[in-house]
């Protein structure tokens, strides 16, 4: 029974073989080592496809070795299909066939080396909201309270996001209506990597509204004394 490596060799030889007379020398073989990485870590289980045929998948070290026949300087299109949870390259890898010489005995047989990247489809976004000196303020996400600031005015949250997603948070000030600005929105733009994002929001406190002055009660005066009329006076 053929091994995975032998099946790849046979399939590629069939793909690259060209018709010709029996006296011509066979075309040269070009060994190729493909490495598939995800965030600098080897990724096993990535399928390798050439000319519509799946030849195998990367091993535990993220490697797939194959050989193909061809003409020096021409290229082979290699499609990498990443396993679930990882994003496949948008375009095939173009591998240029060229003769290689390895001085290191351990490296002989590697041949042409090429690398494909399979980044995760989801990223971890650790978000820290700093509201200095404002404890117990609710933090809202999608109009739901998900946490509150601690005694130092800090809140921590973990999200799983797609690379480049935007998170919109809100500091809810309804319980402290004198804070300005009221209910501010915090926008976090994520990147295509696991990362920590810190957002700081300052507040000012408005003066409390003045209470209306109470209306004074009317003054009730007692009977007034009318002075006596002078003699000979007029009414």
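Residue numbers (this note's numbering): 8 to 242.
Virtual Cβ for every residue (Gly too), placed ideally from N, Cα, C.
For residue 191, which of helix, strand or coil comes out of DSSP?
DSSP places residue 191 in the coil class of the three-state scheme, outside both helix and strand.
Within 10 angstroms of the Cβ of residue 106, are there 16 or more other Cβ atoms? Answer buried if so, exposed if not.
exposed
Just to confirm, is the Cβ distance from residue 186 to residue 121 under 9 Å?
no
What are the complete beta strand (DSSP E) segments, minimum 3 residues, inside the segment 129-174?
130-137, 145-148, 151-155, 161-168
Identify the residues that DSSP records as bridge partners of residue 79: which are they?
Beta-bridge pairing by DSSP links residue 79 to no other residue.
Quick check: what's the CA-CA separation for residue 165 versus residue 197?
12 Å
As assigned by DSSP and simplified to three states, the class of residue 92
coil
Where the beta strand (DSSP E) through residue 207 begins and ends:
202-207
In the structure shown, what three-state DSSP assignment does residue 50 receive?
Look at residue 50 here: in three-state DSSP terms it is coil, with no helix or strand label.
In angstroms with no decimal places, state the Cα-to-Cα distance between residue 151 and residue 142.
18 Å
Boundaries (first-last residue) of the beta strand (DSSP E) holding residue 107:
Unbroken run through residue 107: none, as it is neither H nor E.
Residue 62 and residue 81: beta carbons closer than 9 Å?
no
Through-space distance from residue 101 to residue 53, alpha-carbon basis
17 Å
Reduced DSSP category for residue 210 - H, G, I as helix; E, B as strand; rest coil:
In the structure shown, residue 210 adopts coil according to DSSP, grouped into three states.
Tell me whether residue 223 sits in a helix, a strand or coil according to DSSP, three-state version.
coil
Please state if the CB of residue 144 and the CB of residue 98 are separated by a distance shorter than 9 Å.
no
Name the residue from 56, 68, 79, 138 whose alpha carbon lies nearest to the alpha carbon of residue 96.
The option with the nearest alpha carbon to residue 96 is 56.
Per-residue burial, residue 133 [other beta carbons within 10 Å of its own, 16 or more giving buried]
exposed
Inter-residue Cα distance where the pair is residue 131 and residue 74:
39 Å
Quick check on this structure: which residue in 223, 59, 37, 136 has the alpha carbon closest to the alpha carbon of residue 177?
136
Taking residue 123 as part of the beta strand (DSSP E), name the residues at either end of that continuous run.
119-124
Note down the Cα distance separating residue 181 from residue 191, rounded to an integer number of angstroms.
11 Å
In the DSSP output, what is residue 40 paired with across the bridge?
72, 120
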